[in-house]
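Chains as they are written, first to last, in our numbering: chain A, 300 to 622; chain B, 10 to 442. Every residue, glycine too, gets a C-beta built ideally from N, C-alpha and C. Values in this document were obtained by computation on a predicted structure and should not be read as measured data. In what follows, a structure is listed as C-alpha cells, so that the remarks can point back to it.
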Amino acid sequence: MARKTYLQALNDAMRQEMERDPSVFILGEDVGKFGGCFGVTQGLFDQFGERRVRDTPISESAIVGAAAGAASAGLRPIAELMFVDFIGVAMDQLFNQAAKMRFMFGGKAKVPMVLRMPQGAGVNAAAQHSQSLEAWFMHIPGIKVCIPSTPADAKGLLVSAIRDDNPVVFLEHKLLYGIEGEVDDDLYEIPLGSGRVVREGSDVTIVATALMVHRALEAAEILAKDGISVEIVDPRTLVPLDKECILTSGRKTHALVVVQEAVKTAGAGAEIAAMVAEEAIEYLDAPIVRLGAPFCPVPFSPPLEQAYMPSVDKIVEAVRNQR
Amino acid sequence: MSTELTMPKLGLTMKTGKVARWLVAEGACVHQGDEIFEVETDKITNKVESPADGVLVRILVPQGEVVEVGTVLGLLGEAGEAVDAPAQSASAPAAAPAGDAEEKGAASPAAVQAAAPAQASDTSWILATPRARALSRFLELDLRHVTPTGANGRIREADVIARQDVLSRIAITPLARVLASQAGLDICTLTGSGEGGKIVRADVERALNPEAAQAAPAAAAVESAAADVREMVLDECSGASPVRTLSATVDVTACQQLLGDMKRLGAQYKKAAAALDLGLLMALVAARTLAAHPALNAVYGNGRLVRERSVQLALRTMPAGSEALLSDAQGKGLLALASDRQAAGAGSSTFVLTSYAGSRVERATPALGAGQAAGLVLGAPVQRAVSCNGSLTLREACDVTLGYDARLVTDAEACAFMDALVAAADNPLLLVF
Numbered sequence: 300m301a302r303k304t305y306l307q308a309l310n311d312a313m314r315q316e317m318e319r320d321p322s323v324f325i326l327g328e329d330v331g332k333f334g335g336c337f338g339v340t341q342g343l344f345d346q347f348g349e350r351r352v353r354d355t356p357i358s359e360s361a362i363v364g365a366a367a368g369a370a371s372a373g374l375r376p377i378a379e380l381m382f383v384d385f386i387g388v389a390m391d392q393l394f395n396q397a398a399k400m401r402f403m404f405g406g407k408a409k410v411p412m413v414l415r416m417p418q419g420a421g422v423n424a425a426a427q428h429s430q431s432l433e434a435w436f437m438h439i440p441g442i443k444v445c446i447p448s449t450p451a452d453a454k455g456l457l458v459s460a461i462r463d464d465n466p467v468v469f470l471e472h473k474l475l476y477g478i479e480g481e482v483d484d485d486l487y488e489i490p491l492g493s494g495r496v497v498r499e500g501s502d503v504t505i506v507a508t509a510l511m512v513h514r515a516l517e518a519a520e521i522l523a524k525d526g527i528s529v530e531i532v533d534p535r536t537l538v539p540l541d542k543e544c545i546l547t548s549g550r551k552t553h554a555l556v557v558v559q560e561a562v563k564t565a566g567a568g569a570e571i572a573a574m575v576a577e578e579a580i581e582y583l584d585a586p587i588v589r590l591g592a593p594f595c596p597v598p599f600s601p602p603l604e605q606a607y608m609p610s611v612d613k614i615v616e617a618v619r620n621q622r
Numbered sequence: 010m011s012t013e014l015t016m017p018k019l020g021l022t023m024k025t026g027k028v029a030r031w032l033v034a035e036g037a038c039v040h041q042g043d044e045i046f047e048v049e050t051d052k053i054t055n056k057v058e059s060p061a062d063g064v065l066v067r068i069l070v071p072q073g074e075v076v077e078v079g080t081v082l083g084l085l086g087e088a089g090e091a092v093d094a095p096a097q098s099a100s101a102p103a104a105a106p107a108g109d110a111e112e113k114g115a116a117s118p119a120a121v122q123a124a125a126p127a128q129a130s131d132t133s134w135i136l137a138t139p140r141a142r143a144l145s146r147f148l149e150l151d152l153r154h155v156t157p158t159g160a161n162g163r164i165r166e167a168d169v170i171a172r173q174d175v176l177s178r179i180a181i182t183p184l185a186r187v188l189a190s191q192a193g194l195d196i197c198t199l200t201g202s203g204e205g206g207k208i209v210r211a212d213v214e215r216a217l218n219p220e221a222a223q224a225a226p227a228a229a230a231v232e233s234a235a236a237d238v239r240e241m242v243l244d245e246c247s248g249a250s251p252v253r254t255l256s257a258t259v260d261v262t263a264c265q266q267l268l269g270d271m272k273r274l275g276a277q278y279k280k281a282a283a284a285l286d287l288g289l290l291m292a293l294v295a296a297r298t299l300a301a302h303p304a305l306n307a308v309y310g311n312g313r314l315v316r317e318r319s320v321q322l323a324l325r326t327m328p329a330g331s332e333a334l335l336s337d338a339q340g341k342g343l344l345a346l347a348s349d350r351q352a353a354g355a356g357s358s359t360f361v362l363t364s365y366a367g368s369r370v371e372r373a374t375p376a377l378g379a380g381q382a383a384g385l386v387l388g389a390p391v392q393r394a395v396s397c398n399g400s401l402t403l404r405e406a407c408d409v410t411l412g413y414d415a416r417l418v419t420d421a422e423a424c425a426f427m428d429a430l431v432a433a434a435d436n437p438l439l440l441v442f
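Structure, rendered in C-alpha cells:
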C-alpha cells in the first residue's frame with residue numbers, strides 16, 4: 300500500500316496491465332511524449348515505445364473508430380479523449396459500432412476496448428469542456444460505464460475495464476486527479492457492478508458518484524451535528540448498476556437522496572430514483588430527492604460555475620428539507 | 010356544528026392574503042391553539058392557530074391561493090361530521106388576476122365537491138409517505154386521524170407510530186372500538202364513561218347521536234358528571250386535603266390460622282416465611298378489594314384524576330419503618346407478594362397500607378400518599394371476647410382504619426370498600442373463589 304493520487308493510480312493500472320498483457324495499448328491525442336492532456340499517461344511512452352502508446356491526429360472519430368477496430372481484431376486498446384465533451388463527433392463509432400458488434404455478429408466478435416474521458420466542471424473550462432455526460436452512455440445497451448471517486452477505485456476499476464471483453468466508458472473527474480488515497484501496489488480488480496457503502500448511517504441514504512461522493516461526505520459531517528445519520532453509497536459503475544447495494548441501504552434508512560453533478564433532467568440520478576421507487580417504494584418514509592445541476596450549460600464565470608454545481612450546502616439543505 | 014376558518018385581517022391595510030401552507034391535513038385532529046395554516050401577505054407571514062378542538066373536515070382554499078380577508082378557508086368540525094360547503098357566493102374567493110377570476114369562481118365549488126371525501130373511508134387524498142401508508146394498512150389505522158409532522162403536511166411513519174401509541178393507551182371495549190371504526194369516529198375524541206374512564210358502547214352511540222343520548226338519562230353519564238364536579242371542587246381547594254376516616258374491627262383468627270398452617274405445613278414456604286405475616290395477608294386482601302373498588306385506587310395529578318386498574322400497593326411495616334412496593338398486587342398470590350416484599354422494591358404507588366400488626370399500636374390515622382385517594386392502617390391484633398352462638402369466646406381482632414380524600418372519594422364508595430374488606434379479611438378463604 301502507498302499513498303497515491305487518483306492520476307497516479309490510473310497510470311499504475313495502465314502500466315501494470317501493459318506489462319502483464321502485450322495486447323494492451325494506448326491511443327489518443329498527445330498521450331505519447333506529452334503524457335496526455337492531464338498527464339495521466341506520463342512515462343508510458345518512454346517505457347513502452349510509440350507502437351504501444353500512439354499519438355493520433357486531432358480526430359475523435361478516428362481514435363474511437365480505430366480502438367473499436369483494433370479491439371474486434373483481438374487487441375485491448377485504451378483510448379483517451381481529452382474531454383468527454385468531444386465524444387459527439389465519435390458517437391457513431393461508439394454507440395453504433397463498438398456497442399453493437401457483439402450483438403449483431405451473434406457473439407462472434409467482441410470489443411474489449413476502454414474509452415477514458417475526463418469530465419466534470421469546477422476548473423473554469425466553460426460549457427464545451429465541463430459537462431458530465433454519463434447518462435448518454437448509460438442509455439446505450441452494450442457499453443459499460445465506470446465513474447470512480449477515489450484513487451483505489453480508479454485503479455481497480457480501470458484494471459477490470461481493461462480485462463472486460465466489452466466496450467467500457469471510463470469517466471474520470473478532472474477535479475479528482477489530484478486527490479490522494481491508499482492504493483495497493485499490486486494489480487487488483489474491482490468487479491464492474493459492485494457499489495460501495497462509503498459511510499454508514501441510519502437516517503438517509505445519499506447515492507453519489509465521482510466528485511459528489513466527496514461533497515456528500517462533507518455534508519454528512521455537518522448533518523451528523525444535527526443528529527441526522529447519513530449513509531453514503533457510491534455505485535462506482537453505472538452500467539452495470541449495483542441495485543442491491545442501493546436498495547439494501549434504502550431499505551435500512553427509509554429515505555433516499557441522489558446527488559449528481561450532471562444536469563438533473565434525465566440523468567443517472569433519475570434512473571436510480573426510478574429503480575428504487577419501483578423496487579422499494581413501500582420502504583420509503585419521504586419523497587426521493589434528486590439533486591443535480593440546473594438545466595443549462597455550465598457557466599464559464601467562476602462564481603456562476605460554483606453556484607451551478609451541487610455544493611455541500613445544497614446537499615445539507617436537501618436532506619434537511621426532505622423530512 | 011362546524012367552525013369556519015377564515016382569512017384573518019393581520020394589519021390595518023390588509024385586504025387579501027395568501028394561504029401559504031396548510032399545516033394540517035384534511036381529516037386530521039387539531040387542538041385549540043395548534044398552528045393550522047400559514048398566511049402570507051406582502052408584509053408578513055403568520056401562522057394561524059386553531060380556534061377550537063376538532064377535526065379539519067374540509068379545506069376549501071388550497072395553498073398558494075390569494076383570497077380576500079374573511080373568506081372561508083376551511084371547516085373545523087367533529088370527526089365523521091358531514092359538512093356542506095358554505096355559500097361561497099357570500100364571500101367569493103378573489104383570485105388575483107381579474108381575467109380568470111370568473112373561470113376560477115366557476116371551477117372552485119365544483120372542484121371542492123369532487124375532491125370532498127365522498128366515501129368516508131377513502132384515504133387516498135391524504136398526503137402520506139408510502140412507508141406511513143403501508144404501516145397504517147398493517148395496523149388497520151385510519152390515516153384521517155393522524156396528525157402529520159412532515160413537510161407540506163405529509164404524514165410520516167413516526168406520525169403513524171405516535172397515533173398508534175395514543176390509541177394503545179385508550180381504554181375501550183372491543184365492541185365500542187368496532188362501532189367507532191365503522192362510523193369513522195376518532196376514539197381520541199370520545200369521553201369514556203365506563204370503569205376507570207373506559208369507552209363503552211354507550212359513549213360511541215352518544216357521539217353518533219347526541220340528542221337521543223340526552224333524552225335518555227344514562228346512569229353512566231350521571232357518574233361521570235359526579236366525577237367532574239369532584240374534580241372541580243378539587244381544583245378550588247387545592248390546600249390541605251380533607252381526609253376522612255372510617256374504622257372497623259376485623260376478626261383475624263382465620264387469617265392467623267392460615268398463616269400458621271402455611272408456616273407449619275409447607276416446606277416450600279420456608280424461604281418466604283420471614284415475610285409472611287398479618288400485614289402481608291391484609292395487603293393481599295386490600296389489593297383484591299381495591300381491584301373491585303377503583304375509586305379508592307386512584308391518583309390525582311396534573312389536573313387529572315386517574316383511577317388505576319392495577320394496584321401498586323406500598324406496604325409500610327411498623328415499628329421497623331420498612332417499606333416495600335407490591336406491584337400489580339391485585340393479581341398476585343401470597344408467595345409472590347412475599348417475594349416482592351423481600352425484594353423491597355421502590356416505585357410510585359397508588360395506595361399505602363401501614364401495618365402496625367407487629368407492634369402494640371391498635372389505631373392510627375392514615376396518611377395519604379401524594380395525590381392518592383385513600384390509604385389504610387392495620388392495627389395490632391388483640392384478644393377480644395366476643396359473643397358466638399350465645400356464649401362468649403376469645404377471638405383475635407384488629408382495627409382497620411381507612412383514610413380517604415373526600416374530594417376524590419365519596420363516603421358511600423369508602424363505606425362499600427370497607428364492608429367488602431372486612432368480609433374478605435374475616436374469612437380469607439373467600440378470596441379463593
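Which of the three DSSP states is assigned to residue i in this structure?
| i | result |
| --- | --- |
| Glu-354(A) | Inspection of the sequence shows that residue 354(A) is occupied by Asp rather than by Glu. Here Asp-354(A) sits in strand by DSSP. |
| Glu-624(A) | It is not possible to answer for residue 624(A), since the shown part of chain A is limited to 300 through 622. |
| Ala-572(A) | helix |
| Pro-593(A) | coil |
| Ile-587(A) | coil |
| Gln-427(A) | coil |
| Gly-42(B) | coil |
| Ser-448(A) | coil |
Would residue i pass as an interface residue toward chain B - the criterion being a Cβ-Cβ separation below 8 Å?
| i | result |
| --- | --- |
| Asp-345(A) | no |
| Ala-585(A) | yes |
| Glu-581(A) | yes |
| Arg-622(A) | yes |
| His-513(A) | no |
| His-472(A) | no |
| His-553(A) | yes |
Looking at the C-beta of residue i, does it have a partner C-beta in chain A at a distance below 8 Å?
| i | result |
| --- | --- |
| Arg-153(B) | no |
| Arg-143(B) | In the sequence on display, residue 143(B) carries Ala and not Arg. Closer than 8 Å: yes. |
| Asp-237(B) | Interpretation of Asp-237(B) is limited by its pLDDT of 49, a score under 50 that renders its predicted location unreliable; the figure taken from the coordinates is listed afterwards. Not an interface residue. |
| Ala-160(B) | yes |
| Glu-214(B) | no |
| Glu-166(B) | yes |
| Pro-139(B) | yes |
Please confirm whether residue i and residue j have their CB atoms less than 8 Å apart.
| i | j | result |
| --- | --- | --- |
| Pro-539(A) | Gly-492(A) | yes |
| Gly-421(A) | Met-574(A) | no |
| Ala-567(A) | Leu-555(A) | no |
| Val-339(A) | Leu-309(A) | yes |
| Val-370(B) | Gly-384(B) | no |
| Ile-53(B) | Leu-14(B) | no |
To the nearest angstrom, how far is it from the Cα of residue i to the Cα of residue j?
| i | j | result |
| --- | --- | --- |
| Gly-108(B) | Lys-18(B) | Low confidence applies here, because Gly-108(B) scores a pLDDT of 40, under 50, leaving its location unreliable; read the following figure in that light. Using only the alpha carbons, I get a separation of about 25 Å. |
| Ala-180(B) | Lys-56(B) | 35 Å |
| Glu-604(A) | Ala-592(A) | 10 Å |
| Arg-514(A) | Arg-535(A) | 15 Å |
| Ile-446(A) | Leu-470(A) | 5 Å |
| Ile-461(A) | Asp-168(B) | 51 Å |
| Ala-228(B) | Gly-203(B) | Residue confidence is low: Ala-228(B) scores 37 on pLDDT, short of 50, so the model does not pin down where it sits. Its coordinate-derived value is still stated next. Ala-228(B) and Gly-203(B): Cα-Cα distance of roughly 10 Å. |
| Gly-86(B) | Gly-63(B) | 5 Å |
| Gln-97(B) | Gly-79(B) | Confidence in Gln-97(B) is poor, its pLDDT being 42 and thus under 50, which makes the residue's placement unreliable; the coordinate value appears in the next sentence. So the alpha carbons of these two residues sit roughly 11 Å apart. |
| Gly-348(A) | Asp-311(A) | 17 Å |
| Asp-483(A) | Ala-451(A) | 7 Å |
| His-428(A) | Leu-393(A) | 19 Å |
| Thr-304(A) | Ala-453(A) | 10 Å |
| Val-413(A) | Arg-619(A) | 40 Å |
Going by DSSP, what residues sit across from residue i in a beta bridge?
| i | result |
| --- | --- |
| Met-427(B) | None, per the DSSP bridge assignment. |
| Val-48(B) | Val-28(B), Asn-55(B) |
| Tyr-413(B) | Arg-253(B), Ala-383(B) |
| Cys-397(B) | Ser-400(B) |
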